[in-house]
Each structure stands twice: as C-alpha cells, then as structure tokens.
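Only one structure is covered here, and it is reproduced in the block below.
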Amino acid sequence: MKIPKRLQPLVADGLIDEVLYQLMSGKEATVYAVRCGKEVRCAKVYKEAMKRSFKKAAQYQEGRKVRNTRRARAMEKGSKFGRKQQEEAWQNTEVDALFKLAKADVRVPEPYGCYDGVLLMELVTDDEGEVAPRLNDVSMDAEQAIEDHALMMVYVMRMLCAGLVHGDLSEFNVLVDDYGPVIIDLPQVVDAAANNNAFSMLQRDVRNMNEYYGQYAPELINTRYADEMWALFEAGELTPETQLTGHFEDSGEDANVDSVLEEIKAAFAEEQERIERIKEANEV
1300 MKIPKRLQPL VADGLIDEVL YQLMSGKEAT VYAVRCGKEV RCAKVYKEAM KRSFKKAAQY
1360 QEGRKVRNTR RARAMEKGSK FGRKQQEEAW QNTEVDALFK LAKADVRVPE PYGCYDGVLL
1420 MELVTDDEGE VAPRLNDVSM DAEQAIEDHA LMMVYVMRML CAGLVHGDLS EFNVLVDDYG
1480 PVIIDLPQVV DAAANNNAFS MLQRDVRNMN EYYGQYAPEL INTRYADEMW ALFEAGELTP
1540 ETQLTGHFED SGEDANVDSV LEEIKAAFAE EQERIERIKE ANEV
C-alpha cells in the first residue's frame, strides 16, 4: 500500500521495510501492519491532540511526573513547546508501560520503541499467523470464561503491584490469541499511588471484565476483585503472588449519599461511552 506520511520517516531510516495494510483506525490512533526485516510488526500512529478525542484526559494525566522542570512549566502554561511535550509524554507513557508490564509478567504486546509519534510493537497473532481478534469478537463456554477471567484478574493485580491501573480496560482493549488474553492500548494508564481517580478506574476496569465474561458465566458479575485488590494495595499487602478470592466485606459504615449518586451518574456516562465504542467497533 502507499506509505502513509507519518510512516515515511521510519521507512527512510530503515526501521520499517514495507507497510502491508491498515489494521484499524480509532479516535486515538491508526494502526498498520508493517514488515521489519523478516518480521511483521504493528505500527501505531498516534493522532494529534486536536484530532484525538480521548475523554477526560486530565483525569488520566494527574500524578504523572515530568523530570525536566522547564518542560513541566511549559506543559502547565500550554505553550506550543508545552503542547509538544505533552504529546510526547502521552505517547511515551504507553511505551514505558509496555516495558514495565512485560517485566511484571503481564501479557502485553512486546514494544520496540516510539519514533516521531509512531509506536512499533509486536503484532499479536494466532498460531496460523492471522491477527488475533479482540475479546469483543470472541465467544466461549462458561469454563473458558471463568479461566480467562481469573487470568485477567491476575494481570490487573500484577499491574497494580507495578503501580499502574489501565484506566480504559474493556473487551475492546484485549486481544485473544491461542494462549489467552493480551492487554493492549495503554496511553491513558494511571499512577495508582499518585492519581486520585485510580481506585474508581480500577473498579471500572474490573467491572467491565466481570460483565463481559459474566455473559458466559453469570457468577462472575458480582465478584469484588477490585475492592479486594485495592484494600490489600492500600495496606501494603498486595504482591504478585497474592491469591485473590473475589470476595470483599464492606466496613459497615454509612454510605455517603452524594458519593453514591456521583457513582450512578458516572456509571450511566460510562455505559453511553461503551455503546459508542461498540458502534465504532462495528464500523471498523
């Protein structure tokens, strides 16, 4: 196919030998299958901030540290230089998370580096070499759902042990190959200790997994893995070897009515976004 403009510098530098075809195009990025030597890899081309429509981006960026003080000040002021640095930080977040999570034994695509707003990484395929489907496009029996859900909870737990929360985990951000689920799309990953929204995002991530796998094994829907993980995390007792149960006992304190109402509103908004993602997925 004709080489897209954003990929031309990588072809010129010998990082990519051939652009094979477009895999998908979403609100945040366009993804291509590319040949690098003898390997077929994935090239994720991030869209510019003005063309990107990731909602509530400020919530995800809370707590992210910028070591260079000049860059930090520029990003706060919103200058042209600052916006450029903000874009680089957004893109590098996913690369850093992929390397960090791979070391934490979380199944993610292997990253090869980010160049001029293009992330080169492993193309996840099945044993026949076909591109692995998204979880949304996979059906399974109850036994498989329980097995894969348990594995996903282990991955989410290992992410939290590494100090990260995905923040946008759903059936659209998980691929399934012959060895099980692979977590993708991490530019919005949040710092669990530094972001005030981390717990609510963890709850949403786990709820999305519960509801999806719960279609095939209804007993998964009301499990309390997020609350169990977070309580252990806050107490400094969560480790990658922790055996989760999915059970959690509330403290018994009176509920905060305002907080409950806010959670209901947030859940409604999330469901609307979920419906929107399904429509987009069907259009790709």
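Residue numbers (our numbering): 1300 to 1583.
No residue lacks a Cβ here, since even glycine has one placed at the ideal position from N, Cα and C.
These numbers come from a predicted model, not from an experiment.
So, do the segment 1503-1513 and the segment 1467-1478 have three or more beta carbon pairs nearer to each other than 8 Å? yes
CB-CB length for residue 1322 against residue 1430, believed under 8 Å:
7 Å
| field | Backbone secondary structure at residue 1420 - three-state DSSP | value | strand
Can you give the Cα-Cα distance for residue 1332 and residue 1347, rounded to whole angstroms? 20 Å
*From 1432, 1313, 1499, pick the residue whose C-alpha is nearest to that of residue 1481; which is it?*
1432
Do residue 1520 and residue 1527 count as a contact pair if the criterion is CB distance below 8 Å?
no
Return the residue from the list 1477, 1307, 1496 that minimises the CA-CA distance to residue 1427. 1477
*Return yes when the Cβ of residue 1515 is within less than 8 Å of the Cβ of residue 1439, no when it is not.*
yes
| Looking at C-alpha atoms only, which residue of 1335, 1317, 1536, 1547 is the closest neighbour of residue 1523? | Checked all of 1335, 1317, 1536, 1547; the closest Cα to residue 1523 is 1547.
Starting from residue 1445, trace the alpha helix (DSSP H) both ways and give me its first and last residue.
1441-1460
Reduced DSSP category for residue 1543 - H, G, I as helix; E, B as strand; rest coil:
Three-state DSSP puts residue 1543 in coil, outside helix and strand.
Notebook entry, point to check: Going by the CB atoms, is the gap between residue 1408 and residue 1419 shorter than 8 Å?
Noted result: no
Pull up the CB-CB distance for residue 1400 and residue 1461, whole angstroms please, since I reckon it's below 8 Å.
6 Å
### Query
Can you give the Cα-Cα distance for residue 1488 and residue 1301, rounded to whole angstroms?
Answer to the nearest angstrom: the Cα atoms are 33 Å apart.
Checklist entry - Can you name, in chain order, every residue of its own chain whose Cβ lies under 8 Å from the Cβ of residue 1584, other than the five neighbours on each side? => result The chain is shown only over 1300 to 1583; residue 1584 falls outside these bounds and no answer can be derived.
Measure the C-alpha to C-alpha separation of residue 1314 and residue 1422 and round it to an integer number of angstroms. 15 Å
So residue 1417 packs on residue 1309, CB below 8 Å; how close in whole Å?
-> Under the criterion of beta carbons closer than 8 Å, residue 1417 and residue 1309 qualify as touching, at roughly 6 Å.
Q) Mapping DSSP to helix, strand and coil, what is residue 1491? A) coil
Taking DSSP as the reference, what is the three-state secondary structure of residue 1515? coil
Measure the beta-carbon distance from residue 1493 to residue 1532 and round it to whole angstroms, keeping in mind my assumption that it falls under 8 Å.
Residue 1493 to residue 1532, Cβ: 13 Å. No contact.
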